[in-house]
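Presented below is the structure to which this report refers.
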Amino acid sequence: MTGKTLIAPSVLSSDFSRLGDEVEAIVEAGADWIHLDVMDGHFVPNITFGAPVIKAIRNRTKAYFDCHLMIAPVDPYLAAFADAGCDGITVHAEAGPHLDRSLQTIRNLGKKAGVSLNPGTPESVIEYVLDRLDLVLLMTVNPGFGGQAFIPAVVEKVKRVKALIGDRPIDIEIDGGVSPETAPLVTAAGANVLVAGAAVFKGGTVDAYRSNIAAIRTAADKAAL
Ligand code: DX5
Ligand code: ZN
1244 MTGKTLIAPS VLSSDFSRLG DEVEAIVEAG ADWIHLDVMD GHFVPNITFG APVIKAIRNR
1304 TKAYFDCHLM IAPVDPYLAA FADAGCDGIT VHAEAGPHLD RSLQTIRNLG KKAGVSLNPG
1364 TPESVIEYVL DRLDLVLLMT VNPGFGGQAF IPAVVEKVKR VKALIGDRPI DIEIDGGVSP
1424 ETAPLVTAAG ANVLVAGAAV FKGGTVDAYR SNIAAIRTAA DKAAL
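Mapped onto the working numbering, the consecutive letters of the sequence shown carry residue numbers 1244 to 1468.
Put into structure tokens, the structure is as follows:
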């Protein structure tokens, strides 16, 4: 299967003073999804933005809004992110004791449900919620900041998750340190959605974004299963 990798630029590395324009620019540059990193300064050691900011940029594009919630507790806020216009909502397995309930809530809100695992979290936590999942997001850095180095040990976990998923229509998304150099390692292991922040936004112009996205896509698709 080639030509199938979805590229999801993370706006975490964009110019926040021009967030709406940056979203339009990455879509024009070939982004498939828009990755939205929500951080609370509690579950992760950084604070970014919440549902009102997402709602404010929703009218800038029809592209899929892929919302990555790094917040705890998460359940009280799921409806707000759905209302803001997120298409997919991903929660961390480590963020609360009621993963099954969170995933049910997301689907009941009519959104795609995802679970994210930190690098140190074993894949076995998804075993009993597979039927509630549309996406598994594997962190290849410790969440909280853009521009960190890819953790190669997670590649083995990608293979294990791929095997657990079997024939189910569940996306495997990779987040952290993705570049043209690291992308092939994870697509060869079974990943089909790649988040990239620093590697997409370097250069600061639409033309730079276009060539950055193309470089990741080409490298990823060449190695894809
Ligand atoms: C980290 C975020 C990532 C981050 C990726 O907590 O979840 O989405 O923005 O950034 P890069 O691609 O720069 O590692
Ligand atoms: Zn993310």
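We put the CB at the ideal spot given by N, CA and C, even for glycine.
Item	Value
Where Leu1255 falls, given that 16 or more other Cβ within 10 Å makes a residue buried	buried
Contact check, Ile1332 vs Lys1305, beta carbons under 9 Å	no
Under 9 Å between C-beta atoms of Ala1274 and Ile1415	no
Backbone CA spacing between Val1287 and Asp1410 [nearest angstrom]	33 Å
Which of helix, strand or coil DSSP assigns to Ala1467	coil
Contact under 9 Å by Cβ, Ala1272 with Asp1450	yes
Simplified DSSP state of Glu1265, which is helix, strand or coil	helix
Stretch pair the region 1297–1315 + the region 1452–1467: three plus CB contacts closer than 8 Å	no
Nearest-angstrom beta carbon gap, Ala1336 and Ile1314 [assumed within contact, 8 Å]	That belief does not hold up - the Cβ atoms of Ile1314 and Ala1336 are roughly 13 Å apart, past 8 Å.
Candidates Lys1400, Ala1432, Tyr1452 and Ala1441, of which the one nearest Glu1267 by Cα	Tyr1452
Three-state class that DSSP yields for Tyr1452 in the structure shown	helix
Buried or exposed (CB count within 10 angstroms, at least 16 for buried), Asn1351	exposed
Close Cβ partners of Thr1248 (< 7 Å) along its chain, the five nearest in sequence each way excluded	Thr1430, Asn1435, Leu1437, Arg1460, Ala1463, Asp1464 and Ala1467
Host beta strand (DSSP E) of Ala1406 (start-end)	First-last for Ala1406: Val1397 to Ile1408, but that is the alpha helix (DSSP H), not the beta strand (DSSP E).
Cβ neighbour criterion (16 or more within 10 Å) applied to Ile1277	buried
Glu1370 - DSSP class collapsed to helix/strand/coil	coil
Burial state of Lys1400, where buried means 16 or more other Cβ atoms lie within 10 Å	buried
Three-state class that DSSP yields for Phe1444 in the structure shown	helix
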